[in-house]
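Protein sequences, first through last, are from chains A and B.
Read the first sequence against my numbering and you will find it ends at 244, with the numbers running on by one and no gaps.
Read the second sequence against my numbering and you will find it ends at 244, with the numbers running on by one and no gaps.
Here a beta-carbon is modelled for each residue, glycine too, at the ideal position from N, C-alpha and C.
One structure below.
2 protein chains.
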Amino acid sequence: MEKILNNISVDCVIFGYADDSLYVMLTRRELMDAKTGQPLFTDYTVQGHHILTGENVDDAARRVLKEKTGLDNIYLKQFHAFGDISRIQHTNDQLWLKTTYPDVSDYVLTVGYYSLVDKTKVNPDEAHSFSSWFPVAELPELGYDHREIIDKALEALQSAVLKEPVAFELLPEKFTLLQVQRLYEAILGVNLDRRNFRKKINQMKYVIPLDEKQNGVPHTPAQYFIFSWDVYHKTKKEKYNISF
Amino acid sequence: MEKILNNISVDCVIFGYADDSLYVMLTRRELMDAKTGQPLFTDYTVQGHHILTGENVDDAARRVLKEKTGLDNIYLKQFHAFGDISRIQHTNDQLWLKTTYPDVSDYVLTVGYYSLVDKTKVNPDEAHSFSSWFPVAELPELGYDHREIIDKALEALQSAVLKEPVAFELLPEKFTLLQVQRLYEAILGVNLDRRNFRKKINQMKYVIPLDEKQNGVPHTPAQYFIFSWDVYHKTKKEKYNISF
DNA sequence: TCAAAAGTGTTACCCTTACACCCATGC
DNA sequence: GCATGGGTGTAAGGGTAACACTTTTGA
Chain A
1 MEKILNNISV DCVIFGYADD SLYVMLTRRE LMDAKTGQPL FTDYTVQGHH
51 ILTGENVDDA ARRVLKEKTG LDNIYLKQFH AFGDISRIQH TNDQLWLKTT
101 YPDVSDYVLT VGYYSLVDKT KVNPDEAHSF SSWFPVAELP ELGYDHREII
151 DKALEALQSA VLKEPVAFEL LPEKFTLLQV QRLYEAILGV NLDRRNFRKK
201 INQMKYVIPL DEKQNGVPHT PAQYFIFSWD VYHKTKKEKY NISF
Chain B
1 MEKILNNISV DCVIFGYADD SLYVMLTRRE LMDAKTGQPL FTDYTVQGHH
51 ILTGENVDDA ARRVLKEKTG LDNIYLKQFH AFGDISRIQH TNDQLWLKTT
101 YPDVSDYVLT VGYYSLVDKT KVNPDEAHSF SSWFPVAELP ELGYDHREII
151 DKALEALQSA VLKEPVAFEL LPEKFTLLQV QRLYEAILGV NLDRRNFRKK
201 INQMKYVIPL DEKQNGVPHT PAQYFIFSWD VYHKTKKEKY NISF
């Protein structure tokens with residue numbers, strides 16, 4: 001019989017992208033007063049869960065992701081483990097745990113993963129209990145140490161998109177070059193020169209132009225591209241550039 | 001009273017550098033047959049320990065490092081958490097655990113840290129119970145999943161030295177440019193052009209020449225340099241170069 | 001006709017790369 | 001004198017960075 005391990009969990013920071021902004025999926029946490037029925041507090045958390053007996057920690061992360069988004073085979077990467085003793089000691093968190101999960105240990109180490117999804121494929125609804133997308137630039141009040149977890153996930157993502165083409169995981173299958181640029185700008189928080197950016201992307205053999213253009217846009221229709229991990233892996237070369 | 005958490009540990013991959021090679025500090029593990037007194041097996045592990053109640057996971061890593069090397073304030077970085085159910089299931093590992101640490105859980109998640117030390121300052125002796133340095137290129141038989149842990153630590157180190165000047169943590173306070181080059185070659189496993197490498201290092205303001213040269217070497221004495229994190233932090237600029 | 005994004009080229013500069021010779025020292 | 005590394009410069013090529021105008025479409 002599967003049991004939860006009461007002192008180890010995983011947390012998934014699910015990133016999505018739309019409207020020139022990077023989003024994170026969060027779940028609302030609302031604790032009701034047992035007597036008055038009034039909410040004692042409301043805040044948000046990233047989706048997490050304890051790992052189960054007999055379960056690899058990576059599988060626990062995949063399970064959480066599947067429960068939350070309904071999707072399999074999503075880009076998922078472990079980025080950091082969080083194990084400070086203070087991480088679940090705030091008043092709201094203790095209240096929540098005592099009333100909702102009385103068996104949970106006083107100390108919980110959590111392994112953080114971030115996941116990159118095509119936001120257009122994941123529209124949380126009632127089935128995804130109280131989940132919704134928030135722009136990373138305007139996060140609501142967060143429970144536990146989830147502010148720190150999201151910050152660190154974003155840092156890891158920023159590093160990653162500079163040295164691997166993982167950012168394309170956030171785009172729909174077909175995308176335009178402007179979308180790629182706006183995505184990079186959103187992740188890195190900088191402005192990039194349009195012509196130089198297009199030059200750079202255009203020289204990547206694994207960003208492949210389609211014979212298809214936008215429709216119904218009030219400006220010159222842009223060409224669509226697709227990204228190929230396959231071509232990427234076949235053509236990539238190791239680089240050893242010291243740069244700091 | 002401090003107690004150990006029986007399903008969470010830290011493991012420290014301690015890197016050192018000397019004689020143009022990168023080394024890892026390992027501890028010998030030898031299980032004796034209770035009846036015959038003969039060794040049942042011998043292998044090596046990186047230094048780890050379970051975390052204690054009331055202890056931050058980072059502090060546990062520092063504690064292990066201090067016990068192992070006698071040193072405080074050493075460069076230490078978390079690089080990955082290992083949580084596969086199979087990681088302590090091999091026969092030797094189970095035998096060892098059952099006889100030596102009967103209270104340990106069947107499942108142990110470990111958080112991996114790597115640490116960079118000046119090998120000349122850490123010469124393991126009897127005080128460091130069965131510890132010794134091994135070249136990363138010639139590792140002995142390793143217990144648990146420690147081969148994987150060391151491999152992943154090395155990968156993390158390889159990434160890190162290309163974008164931050166952490167490699168200098170492996171050198172003595174005073175070093176020559178050839179030492180820096182050989183160090184990079186050892187970490188990355190490539191050969192680097194001497195003149196170009198010197199040019200690159202020389203333009204780093206935080207690698208500061210001393211008015212001091214080598215003594216007693218059978219060739220032109222080389223100039224000594226020191227590294228300054230202080231100057232580095234004051235002069236570094238964020239870079240947003242997409243390169244993959 | 002206006003708004004919005006698409007698409008396009010050149011120049012200057014810097015960094016990277018490849019490459020060879022003489023020098024200082026200890027033995 | 002010989003072995004070992006120290007120290008140095010240049011030229012070619014590639015990549016980065018800065019910068020402006022015309023085109024296409026829908027409303």
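Please report the distance separating the alpha-carbon of His80 (chain B) from that of Gly48 (chain B). Taking the second sequence and counting its residues from 1, the one referred to as residue 80 (chain B) is at position 80. Taking the second sequence and counting its residues from 1, the one referred to as residue 48 (chain B) is at position 48. Straight-line Cα distance between these residues: approximately 14 angstroms.
Report the residue from A:His219, A:Gln179, A:Val190, A:Gly37 whose alpha carbon sits nearest the alpha carbon of Phe227 (chain A). For the purposes of this step, residue 227 (chain A) is taken as residue 227 along the first sequence, with counting starting at 1. It is A:Gln179 whose Cα lies nearest to the Cα of Phe227 (chain A).
Going by DSSP in three states, Gln214 (chain B) sits in which element: helix, strand or coil? Within the second sequence, numbered from 1, the residue matching residue 214 (chain B) stands at position 214. Gln214 (chain B): coil per DSSP, three-state reduction.
Which residues, taken in chain order from the stretch 134-157 of chain B, show a beta carbon closer than 8 angstroms to some beta carbon of chain A? none
DSSP has Arg198 (chain A) in a bridge; who is on the other side? Residue 198 (chain A) sits at position 198 when you count from the first residue of the first sequence. Beta-bridge annotation (DSSP): Arg198 (chain A) is not paired with any residue.
I'd like to know if Tyr184 (chain A) contacts chain B, where contact means its C-beta is closer than 9 angstroms to some C-beta of that chain. The residue given as residue 184 (chain A) occupies position 184 in the first sequence. It does; some Cβ of chain B falls within 9 angstroms.
How would you list, in chain order, the residues of chain A whose beta-carbon sits under 8 angstroms from the beta-carbon of Ile4 (chain B)? As a working note, residue 4 (chain B) is residue 4 in the second sequence. The premise fails here: Ile4 (chain B) is roughly 12 angstroms from chain A at the closest Cβ pair, so nothing lies under 8 angstroms.
Mapping DSSP to helix, strand and coil, what is Thr100 (chain A)? By one-based count along the first sequence, residue 100 (chain A) stands at place 100. Here Thr100 (chain A) sits in helix by DSSP.
Compute the distance between the beta-carbons of Thr110 (chain B) and Ile4 (chain B), then report whether it is under 9 angstroms. The residue labelled residue 110 (chain B) in the question sits at position 110 within the second sequence. The residue labelled residue 4 (chain B) in the question sits at position 4 within the second sequence. For Thr110 (chain B) and Ile4 (chain B), no; Cβs fall outside 9 angstroms.
Would DSSP call Phe134 (chain B) helix, strand or coil? Translated into positions along the second sequence, residue 134 (chain B) becomes position 134. Three-state result, Phe134 (chain B): strand.
Could you please give the first and the last residue of the uninterrupted alpha helix (DSSP H) stretch that includes His233 (chain B)? Sequence index remark: in the second sequence, residue 233 (chain B) carries index 233 (1-based). Following the DSSP letters along the chain, one finds His233 (chain B) inside the alpha helix (DSSP H) bounded by residues 229-235.
Are any of the Cβ atoms in chain B nearer than 9 angstroms to that of Ala18 (chain A)? The residue given as residue 18 (chain A) occupies position 18 in the first sequence. Chain B contact via Cβ: absent.
From Gly83 (chain A) to Asn123 (chain B), what distance separates their C-alpha atoms? Indexing the first sequence from 1 puts residue 83 (chain A) at position 83. Indexing the second sequence from 1 puts residue 123 (chain B) at position 123. Straight-line Cα distance between these residues: approximately 31 angstroms.
Can you find the residues in the same chain that come closer than 6 angstroms, C-beta to C-beta, to Phe197 (chain B), ignoring five residues on each side of it along the sequence? Against the second sequence, residue 197 (chain B) aligns to sequence position 197. Counting only Cβ-Cβ distances below 6 angstroms, and skipping sequence neighbours, we find Gln181.
Who does Ala277 (chain A) pair with in a DSSP beta bridge? For residue 277 (chain A) there is no data in the structure shown, the boundaries of chain A being 1 and 244.
Output yes if chain A places a C-beta closer than 9 angstroms to the C-beta of Leu116 (chain B); else output no. The residue given as residue 116 (chain B) occupies position 116 in the second sequence. Judged by the 9 angstroms Cβ criterion, Leu116 (chain B) is not in contact with chain A.
When the Cα atoms are used, what is the spatial distance from Asp319 (chain A) to Met25 (chain B)? No information on residue 319 (chain A) is available, as it lies outside the stretch 1 to 244 that chain A covers here.
So Glu238 (chain A) and Phe244 (chain B) are in contact, right, with Cβ under 8 angstroms, and what is the actual spacing, rounded? For the purposes of this step, residue 238 (chain A) is taken as the residue at position 238 of the first sequence. For the purposes of this step, residue 244 (chain B) is taken as the residue at position 244 of the second sequence. In fact, because the Cβ distance is near 11 angstroms, the residues do not count as touching under 8 angstroms.
Roughly how many angstroms lie between the CA atoms of Lys119 (chain B) and Glu141 (chain B), to the nearest whole one? Residue numbering aside, residue 119 (chain B) sits at position 119 when the second sequence is read from its first letter. Residue numbering aside, residue 141 (chain B) sits at position 141 when the second sequence is read from its first letter. Going from the Cα of Lys119 (chain B) to the Cα of Glu141 (chain B) covers about 22 angstroms.
Residues of chain A with a CB under 9 angstroms from the CB of Val13 (chain B): which are they? As a first step, residue 13 (chain B) must be located in the second sequence, where it is residue number 13. Residues of chain A passing the Cβ test: none, with the nearest at roughly 15 angstroms.
Span of the beta strand (DSSP E) around Thr45 (chain A): On the first sequence, position 45 is the one that residue 45 (chain A) refers to. Element bounds for Thr45 (chain A): 39-45.
Is Asn92 (chain A) helix, strand or coil by DSSP? Numbered from its first residue, the first sequence carries residue 92 (chain A) at position 92. In this structure, Asn92 (chain A) counts as helix in the three-state DSSP scheme.
Please look up how many angstroms separate the CB atoms of Phe134 (chain B) and Tyr23 (chain B), rounded, as I've assumed it's under 8 angstroms. Here residue 134 (chain B) corresponds to residue number 134 of the second sequence, with the count starting at 1. Here residue 23 (chain B) corresponds to residue number 23 of the second sequence, with the count starting at 1. About 6 angstroms separates the two Cβ atoms, so the contact holds.
Relative to the C-alpha of Arg195 (chain A), which residue among A:Leu177, A:Gly189, A:Pro209 is closest? Start at 1 with the first residue of the first sequence, and residue 195 (chain A) comes out as number 195. Among A:Leu177, A:Gly189, A:Pro209, the Cα nearest to that of Arg195 (chain A) belongs to A:Leu177.
Would a check of beta-carbon distances place Leu76 (chain B) closer than 9 angstroms to chain A? As a first step, residue 76 (chain B) must be located in the second sequence, where it is residue number 76. Chain A contact via Cβ: absent.
Please confirm if Tyr232 (chain B) has its CB atom under 9 angstroms from at least one CB of chain A. Sequence index remark: in the second sequence, residue 232 (chain B) carries index 232 (1-based). For Tyr232 (chain B), the answer is yes, since a Cβ of chain A falls inside 9 angstroms of its Cβ.
Closer than 7 angstroms, Cβ to Cβ, to anything on chain B: give me those residues from the stretch 78-93 of chain A, in chain order. Gln78, His80, Ala81, Gly83, Asp84, Ile85
Can you give me the Cβ contacts of Asp93 (chain A) inside the same chain, cut-off strictly under 8 angstroms, excluding the 5 residues immediately before and after it? Residue 93 (chain A) sits at position 93 when you count from the first residue of the first sequence. Cβ neighbours of Asp93 (chain A) beyond the five flanking positions: Gly143, Tyr144.
Measuring CB to CB, does Leu157 (chain B) end up less than 9 angstroms from Ile187 (chain B)? Numbered from 1 along the second sequence, position 157 holds the residue referred to as residue 157 (chain B). Numbered from 1 along the second sequence, position 187 holds the residue referred to as residue 187 (chain B). Contact: yes.
Please compile the residues from chain B whose C-beta is within a distance smaller than 9 angstroms of the C-beta of Leu236 (chain A). For the purposes of this step, residue 236 (chain A) is taken as residue 236 along the first sequence, with counting starting at 1. Here residue 236 (chain A) turns out to be Lys, not Leu, going by the sequence shown. What Lys236 (chain A) touches in chain B: Phe244.
DSSP three-state assignment for Ile85 (chain B), whether helix, strand or coil: As a first step, residue 85 (chain B) is located in the second sequence; it is residue number 85 there, counting from the start. Helix at Ile85 (chain B).
Within 10 angstroms of the Cβ of Val51 (chain A), are there 16 or more other Cβ atoms? Answer buried if so, exposed if not. Here residue 51 (chain A) corresponds to residue number 51 of the first sequence, with the count starting at 1. Note on identity: in this sequence residue 51 (chain A) is Ile, with Val being the wrong assignment. Looking at its Cβ environment, which holds 16 or more other Cβ atoms inside 10 Å, Ile51 (chain A) is buried.
Can you find a C-beta in chain A that's less than 9 angstroms from the C-beta of Gly48 (chain B)? Mapped onto the second sequence, residue 48 (chain B) falls at position 48. Closer than 9 angstroms: no.
Taking 9 angstroms as the threshold (C-beta atoms), are Ser105 (chain B) and Asn6 (chain B) in contact? The residue labelled residue 6 (chain B) in the question sits at position 6 within the second sequence. The residue labelled residue 105 (chain B) in the question sits at position 105 within the second sequence. Their beta carbons are under 9 angstroms apart, which means Asn6 (chain B) touches Ser105 (chain B) by this criterion.
Chain A contact for Asp58 (chain B) (CB, 9 angstroms cutoff): Working through the second sequence from its first residue, we reach residue 58 (chain B) at position 58. Answer yes: the Cβ-Cβ gap between Asp58 (chain B) and chain A drops below 9 angstroms somewhere.
Thinking C-beta only, is Leu183 (chain A) closer than 9 angstroms to Leu162 (chain A)? Taking the first residue of the first sequence as 1, we reach residue 162 (chain A) at position 162. Taking the first residue of the first sequence as 1, we reach residue 183 (chain A) at position 183. No, they are not a contact pair.
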